[in-house]
Structure formats: structure tokens, C-alpha cells
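Participant: Residue numbers (the numbering used here), protein chains in the order written: chain F, 1 to 251; chain S, 252 to 660.
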Amino acid sequence: MEPILSLRGVSKTFGAVQALTDIELDINPGEVVALVGDNGAGKSTLVKVLAGVHRPTEGIIRFAGREVAMDSPAAAMKLGIATVYQDLALCENLDVAANLFLGNELSPYALDEETMEARSWTLLQELAARIPSVREPIASLSGGQRQTVAIARSLITNPKIIMLDEPTAALGVAQTAEVLNLIERVRDKGLGVIMISHNMEDVRAVADRIVVLRLGRNNGVFDRTTSHQDLVAAITGASDNAVTRRMEKKQ
Amino acid sequence: MSAPLDRADARLRHDDSLSGALRAFTDRIKAGDLGMLPVAVGLVVISVVFTALNPIFLVPNNLVNLLFDCATVGIISLGIVCVLLVGEIDLSVGSISGFASAIVGVTWVGQGWPIWAAVLCALAMGAAVGWVYAQLYNRLGMPSFVATLSGLLALLGMQLYILGATGSINLPYESAWVKFGQVLVMPPWVSHGLGLLPGVVLLVMGQRRRARRAAANLSVPPLAGLVARAVVLTAALEGAIWYLNLGRGLPWMFGLFVALAVALNYALTRTQWGRSVLAVGGNREAARRAGINVRGIYTSAFVLCGTLSALGGTLAAARLASSSQQAGTGDVNLNAIAAAVIGGTSLFGGRGSAWSALLGIIVIQAISSGLTLLNLSSSLRYMITGGVLAIAVIVDSLARRSRISHGRG
Chain F
1 MEPILSLRGV
11 SKTFGAVQAL
21 TDIELDINPG
31 EVVALVGDNG
41 AGKSTLVKVL
51 AGVHRPTEGI
61 IRFAGREVAM
71 DSPAAAMKLG
81 IATVYQDLAL
91 CENLDVAANL
101 FLGNELSPYA
111 LDEETMEARS
121 WTLLQELAAR
131 IPSVREPIAS
141 LSGGQRQTVA
151 IARSLITNPK
161 IIMLDEPTAA
171 LGVAQTAEVL
181 NLIERVRDKG
191 LGVIMISHNM
201 EDVRAVADRI
211 VVLRLGRNNG
221 VFDRTTSHQD
231 LVAAITGASD
241 NAVTRRMEKK
251 Q
Chain S
252 MSAPLDRADA
262 RLRHDDSLSG
272 ALRAFTDRIK
282 AGDLGMLPVA
292 VGLVVISVVF
302 TALNPIFLVP
312 NNLVNLLFDC
322 ATVGIISLGI
332 VCVLLVGEID
342 LSVGSISGFA
352 SAIVGVTWVG
362 QGWPIWAAVL
372 CALAMGAAVG
382 WVYAQLYNRL
392 GMPSFVATLS
402 GLLALLGMQL
412 YILGATGSIN
422 LPYESAWVKF
432 GQVLVMPPWV
442 SHGLGLLPGV
452 VLLVMGQRRR
462 ARRAAANLSV
472 PPLAGLVARA
482 VVLTAALEGA
492 IWYLNLGRGL
502 PWMFGLFVAL
512 AVALNYALTR
522 TQWGRSVLAV
532 GGNREAARRA
542 GINVRGIYTS
552 AFVLCGTLSA
562 LGGTLAAARL
572 ASSSQQAGTG
582 DVNLNAIAAA
592 VIGGTSLFGG
602 RGSAWSALLG
612 IIVIQAISSG
622 LTLLNLSSSL
632 RYMITGGVLA
642 IAVIVDSLAR
652 RSRISHGRG
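1) Which of the three DSSP states is assigned to D582(S) in this structure?
2) Short of 8 Å in beta carbon distance, which residues of its chain neighbour N99(F), apart from the five on each side in sequence? Order them along the chain.
3) First and last residue of the alpha helix (DSSP H) that includes G377(S)?
4) Would you kindly check if the distance between the Cβ of A643(S) and the Cβ of F505(S) is under 9 Å?
5) Pop quiz: A385(S) and V554(S) are said to be a contact at Cβ under 8 Å. What is the actual Cβ separation, rounded to whole angstroms?
6) Does any C-beta atom of chain F lie closer than 9 Å to the C-beta of Q523(S)?
7) Nearest chain S C-beta to T135(F) closer than 9 Å, yes or no?
8) Hey, how far is the Cα of F222(F) from the Cα of P255(S)?
9) Is the distance from the Cβ of M116(F) to the Cβ of L106(F) below 9 Å?
10) Within its chain, find whatever has a CB closer than 7 Å to the CB of W503(S); leave out the 5 residues flanking it on each side and keep chain order.
11) With a threshold of 9 Å between beta carbons, is S140(F) in contact with chain S?
12) Assuming contact is defined by CB atoms lying nearer than 9 Å, are M195(F) and L7(F) in contact in what I supplied?
13) Please report the residue range of the beta strand (DSSP E) in which R480(S) lies.
14) Output yes if chain F places a C-beta closer than 9 Å to the C-beta of I655(S); else output no.
15) Output needed in chain order: residues of the stretch 87-111 of chain F with a Cβ under 7 Å from some Cβ in chain S.
16) Could you tell me which residues DSSP puts in a beta bridge with V84(F)?
17) Once the 5 residues before and after Y85(F) are set aside, which same chain residues still bring their CB inside 7 Å of it?
18) From which residue to which residue does the beta strand (DSSP E) around E425(S) run?
19) Measure the beta-carbon distance from V134(F) to V96(F) and round it to whole angstroms, keeping in mind my assumption that it falls under 8 Å.
20) Can you have a look at N586(S) and say buried or exposed, based on whether 16 or more other CB atoms are within 10 angstroms of its CB?
21) Starting from the N-terminal side, write out each stretch of the alpha helix (DSSP H) that is 4 residues or longer and does not extend beyond the stretch 598-635 of chain S.
22) By the three-class DSSP mapping on this structure, what secondary structure does N159(F) have?
23) Are any of the Cβ atoms in chain C nearer than 9 Å to that of P73(F)?
24) What do you get for S597(S), buried or exposed, if any count of 16 or more other CB atoms within 10 angstroms of its CB means buried?
25) Straight-line CA distance for R245(F) to L231(F)?
26) Does D208(F) come out as helix, strand or coil in the three-state DSSP assignment?
27) For E248(F) and H228(F), what's the separation of their Cα atoms in angstroms?
28) Taking the beta strand (DSSP E) that G220(F) falls in, what are its first and last residues?
29) With which residues is R66(F) paired in a DSSP beta bridge?
30) Does the beta carbon of L454(S) sit closer than 9 Å to a beta carbon anywhere in chain F?
31) Using a beta-carbon distance below 9 Å, is R540(S) in contact with chain F?
32) Under the rule that 16 or more other beta-carbon atoms within 10 Å means buried, what is G637(S), buried or exposed?
33) Comparing alpha-carbon positions, which option in T522(S), R651(S) and L622(S) lies nearest F308(S)?
34) Are the C-beta atoms of R602(S) and some chain F residue less than 9 Å apart?
35) Leaving out the 5 sequence neighbours to the left and right, which residues in its chain are closer than 8 Å to A530(S) when beta-carbon positions are compared?
36) Taking any Cβ of chain F, which residues in the stretch 461-477 of chain S have a Cβ under 7 Å from it, in chain order?
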């Protein structure tokens with residue numbers, strides 16, 4: 001199968017800081033790829049490169065086999081890469097429907113409110129989302145509801161790939177399970193999913209492949225059968241690290 | 252047929268009936284979503300107080316004069332609404348209007364240009380000034396507060412420069428432009444006909460909206476409420492027009508102002524551009540990530556504000572039949588900003604409407620007209636207008652705090 005998105009030798013420097021070095025990454029359709037790494041491993045930078053926020057200093061990005069230059073978030077979105085950021089970036093003064101369709105409003109010169117509202121309801125019901133009303137401003141929603149709205153918004157444009165930055169970080173147990181179900185539903189629709197998470201349990205629950213970044217470099221690709229210890233070792237770069245020492249102390 | 256899409260959630264209260272609508276309204280007010288309420292209350296208080304102090308206040312011809320005055324600053328205030336909605340400010344609208352008025356005087360009377368060319372030239376100047384502010388903001392990160400404050404001085408300087416030593420140019424009284432600004436009123440059949448229009452449009456659009464909602468399997472608001480609103484609106488407008496026609500009648504210039512307000516309202520509520528403006532004002536970063544051209548939105552808001560200010564200035568010149576060094580100075584700036592804020596457009600961005608300029612300027616001009624009728628000195632008038640602006644901003648801030656604590660953003 002041909003990967004929908006592939007990165008070859010992608011590097012990014014900020015002044016003297018080498019944030020990413022020679023990153024290789026392939027995303028296939030219908031696959032959840034988890035991107036894990038310690039703080040400062042370059043996950044966020046990589047996401048921003050893929051979202052068109054940063055331009056890579058070096059390297060090639062291919063989308064559907066074609067070499068592309070994503071020089072703006074709009075360009076990335078146009079290709080079919082949707083991003084849900086950790087800080088969600090919703091407009092609190094607008095209602096749910098307006099946020100879902102923000103930047104993609106139907107009939108720009110005479111907004112089609114009715115179709116947008118109906119599609120908002122349908123989409124949220126498909127995702128089994130517990131949103132009281134799409135005519136409520138975002139400000140009145142809880143954290144989990146906002147996360148759902150943010151994920152739903154990324155699906156409005158029928159993307160090929162969606163990127164989720166810490167999708168479960170702020171959620172309770174039940175809502176986390178719902179979001180993981182949601183991720184699987186999105187994958188089953190044939191989309192590629194890139195998920196960034198610090199939560200190894202969530203990662204192993206849904207990811208088909210786990211890509212580890214360390215200090216801005218590839219540090220191994222694992223699957224969900226990999227043990228927790230091996231993942232932590234890859235993330236921290238040593239089998240002797242703070243996490244294993246703690247676990248040994250406990251035993 | 253299954254339940255409408257938006258009625259599937261049992262937790263949501265549905266305010267369909269008349270009492271339900273009333274309950275929803277009081278809930279909104281309590282949560283700090285004041286909308287037009289302060290203006291409505293303000294207008295009633297102002298009318299009662301000033302009529303008690305001087306009965307001439309409510310005489311039809313005084314109200315007609317008031318509407319002539321409203322139109323010029325009101326159009327500037329429409330521009331202010333645009334920049335306030337994106338969360339910025341233009342403090343130089345008075346100077347832009349003054350410079351525009353000077354351009355009209357110099358090119359039309361001084362150079363003998365046709366009036367339309369003179370007005371177009373003034374409008375182009377306004378647009379260019381707005382464009383410069385937007386570039387200073389977008390490219391150099393200069394806060395609009397400072398950029399427009401320096402613009403205020405620079406433009407005032409240009410106004411004084413092109414007016415030259417005489418400092419004042421009289422515009423010909425018999426010209427159509429000055430007549431438009433001073434005396435032209437609609438014949439009664441036109442004004443009454445136009446007065447019917449909003450009610451009819453409300454009814455037709457509302458009915459279309461109901462049909463479309465039904466087609467999309469959404470809940471349909473009751474017809475009775477729609478008809479009631481259309482009837483009340485039409486009765487109020489026709490009553491007001493009848494009363495004005497007892498005097499000179501409804502000014503064409505005010506008609507132009509209302510038409511611009513309607514156009515801006517449509518653009519803000521029914522187009523992608525308007526939605527983007529609100530999004531940029533509400534959360535700039537979210538708007539950028541949604542693929543909105545944030546710089547373009549800022550540019551459009553500043554250019555629109557500059558152009559509308561220039562239009563207001565050229566009309567003010569017609570209203571006074573002169574272009575002078577005083578045009579656009581004094582309280583024009585603050586009146587235009589105060590009108591937008593009093594009408595319910597937030598200084599914090601992302602919240603407001605074109606109607607706020609229309610209603611707000613009527614409040615401001617009513618106060619100004621009432622104080623003039625009381626023969627108060629301008630010192631007192633400035634103090635009172637300043638106090639009213641302070642109260643309006645306090646109401647805005649308190650409402651914002653209440654909205655946040657009630658989870659309405």
C-alpha cells in the first residue's frame with residue numbers, strides 16, 4: 001500500500017537549535033500512528049511542520065506520492081491534513097455550528113445556516129457526542145465537549161489525515177474511552193490518524209504503529225504489543241532511567 | 252418522521268411558546284448578554300428627562316434635525332463597529348472625516364472638480380489611510396491604538412495644510428450635495444413605503460427560514476412569533492415615520508445611513524467575511540488555524556472604517572455647507588466610538604452588530620440635542636457626554652464579566 005503521507009530527511013532548525021533531524025515518517029490510510037517522545041523530543045515541531053505552521057529547513061514531504069510544499073495552515077488543510085491542537089483553538093464567542101464550519105462556511109455570500117446546523121447535528125450524533133445544542137456558544141461547554149467539537153471540526157472538510165495533539169490529556173475516564181472509540185471510527189473510515197500522547201495506555205489501546213522521537217530524531221518504530229518498559233526505554237534513550245528505577249524501587 | 256435533529260437531547264429546554272421566549276430573554280440578560288437593552292432603556296430615560304426639561308425636544312422638526320445629525324457621525328460609527336469587532340480601534344476617524352471634508356472643499360470649490368470626483372477622492376483617501384494602519388499593524392506589529400493616535404495628528408495637519416491660510420471654504424448652498432445634507436427629505440409616500448419594507452422582509456425571510464429548517468429536519472420556530480415581531484416592527488416604524496412627517500419628514504441622508512447599516516449587518520451576519528471578522532475578534536489564533544486570512548480581515552476592517560469615516564466627513568461638510576479647520580475635531584471621534592459601544596459592540600472584540608451604531612448614535616445625538624436645547628455651555632456638554640461614555644464602557648465591562656461567569660464567553 002502506498003503511504004498517503006511520507007517524510008524523508010525532514011529537518012527543522014530554530015536559530016542554533018536543531019529541533020528535528022532527518023525525520024522519516026510514513027502514514028498509511030486506515031492506520032493510527034502514535035507519535036511519542038519526551039518533552040522537547042520534537043513532537044510539537046513535527047506536528048507544526050505537517051500542519052503547515054512551520055516550513056521544514058530541509059527534507060521532502062510527499063502527499064499521495066506527490067512532493068508538496070506546505071507553506072501555510074490553509075495549504076495543509078487544502079491537501080487534506082486536519083489538525084486538532086492541544087489548546088483546541090475554538091472561538092468562544094461563536095456557537096458550536098459556527099466553530100465547526102469556521103473557514104469552511106457553506107455559500108460564502110449568503111451563509112446556509114440551516115444546512116450547516118443540520119450537518120452539525122448529524123456529525124455530532126455520528127460521533128455520539130454529548131453536546132446539548134449546536135446553537136450554544138463554546139464558552140458554555142465542558143472540556144470534553146470542547147475536545148469533541150474540535151475533533152468534529154477537523155472532520156468537516158473530509159480530510160485524508162487527521163492529527164490529534166494530546167487528545168485525551170484533559171479528559172475523564174469515560175470521555176477518554178469515547179475519544180478513543182472516535183479515533184477508531186475515524187480510522188475505519190479510511191483516514192490516516194496521527195496521535196500524539198504521553199499516555200502509553202491510550203497509545204497502546206489504539207495505535208497500529210508507535211513512532212518514538214528522541215531529541216528531534218527517529219528512535220524506533222514499535223507496535224502495540226511492545227511492552228511499556230521497552231517504550232519508555234526508547235523514549236528516554238536508556239534502559240536505566242527514572243521510570244525503571246521507580247518501578248524497581250516499588251518491587 | 253423522527254424528531255427534529257436539534258430536539259433529540261432531553262436535557263435541553265425549548266423556549267418555543269411566548270412565555271418561553273420571555274424566559275429565554277431574561278436568562279440572557281441575567282447572564283450578561285445585554286444586546287440592545289441598555290440602548291432601549293437609555294432612549295426612554297433621555298426622552299422623558301429632556302421632554303420634561305424642555306418640551307421642544309420631542310417636536311417633530313427637532314427629531315428631523317436630530318436624524319440629519321445622526322447620519323454623518325453614525326456612518327463613521329459603522330466603521331468603528333468594524334474595527335471594534337476585530338478587537339482593534341481607530342482613534343483617528345474624526346481626523347479622517349475632517350480631512351475628507353477638506354478634500355471635498357478644496358477639490359470641488361477650489362479646483363472646480365465635479366462633486367462626484369471630489370467625494371470619490373475623499374473616499375479613496377479614507378481607504379488608503381485604513382490600508383496604511385492595517386499594514387502598520389500586520390507587518391510591523393504596531394498597536395492600532397498608537398498607529399491611529401499618530402494618524403489623528405498627521406491627518407489633522409494635512410487638513411490644516413490643504414485648507415491653507417483662510418482655514419475655511421464655503422460650499423454652494425444651491426448644490427445638490429449640500430441640499431442632500433441639509434434639506435432633502437423623502438416624500439411621505441416614499442417614507443411610508445420604505446417603512447413597510449423591514450416588516451415584509453422579516454416576514455418573507457422568516458418564512459423562508461422556516462421552510463428551509465423544516466426541509467433540513469430541524470425544529471421550526473412558531474409562525475405566530477414571527478408575525479407578531481413583523482407587526483410590532485412595522486407599527487413602530489410607521490408610527491415614527493408618521494410623526495416625523497408632521498414635521499419636515501424623513502431625511503434622505505438618514506435613509507442612506509440606514510441602508511449602509513443594513514448592508515453592513517448583512518455582511519457581518521450572513522457572509523463568510525462577517526463570520527471571519529467575529530472569529531478574528533474572538534480568538535485570533537483559532538481563526539488563523541481555521542485557515543482564515545487574518546491579515547486580510549484586519550485590512551478589510553481598517554479600510555472599511557477609513558472609507559466610512561471619509562464618507563461621514565464628506566456628508567458632514569454637506570451638512571454644514573463648509574469645509575473648515577474645525578471639521579472632525581472635538582467630540583466626533585469619541586461620539587463615533589461611544590455610539591458603537593453604547594449600542595452594544597464590545598471594546599474587547601468579537602461581539603456586536605451594525606445596529607449598535609444606528610441605535611447608539613441616536614442616543615448620543617439625543618443627549619447632545621437635549622443639552623443644546625437647555626442652553627448649556629459646551630463645557631458642561633462635554634462633561635455629560637464623557638460621563639455617558641464612561642457608563643457605557645462600565646456596562647460593557649460588567650456584562651463581559653457576567654458572561655464569563657455564566658459561561659457565555
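By construction, the Cβ of each residue, glycine as well, lies at the ideal position given by its N, Cα and C atoms. Everything numeric in this text was worked out from a predicted model, so none of it was measured.
Facilitator: Working from what's here:
1) coil
2) L90, C91, I138, V149 and R153
3) I366 to L391
4) no
5) 7 Å
6) yes
7) In the sequence under discussion, the amino acid at residue 135(F) is Arg, which differs from the Thr named in the question. Taking Cβ atoms only, chain S reaches closer than 9 Å to R135(F), which makes this a yes.
8) 47 Å
9) yes
10) F431, L435, V436 and M437
11) yes
12) no
13) It is not in any beta strand (DSSP E) - R480(S) instead sits in the alpha helix (DSSP H) that spans L474 to L497.
14) yes
15) A89, L90, C91, E92, N93, L94, A98, L102, G103, E105, P108, Y109, A110 and L111
16) L164(F)
17) D165
18) Neither: E425(S) is in no beta strand (DSSP E) and is coded neither H nor E.
19) 4 Å
20) buried
21) 605-624
22) Asn is not the amino acid found at residue 159(F); the sequence shown has Pro there. It is coil, neither helix nor strand.
23) Protein chains F and S are contained in the structure displayed, whereas chain C is not.
24) buried
25) 15 Å
26) coil
27) 14 Å
28) R217 to F222
29) F63(F)
30) no
31) yes
32) exposed
33) L622(S)
34) yes
35) A537, A538, A541, I543 and G601
36) R463, R464, A467, N468 and L469
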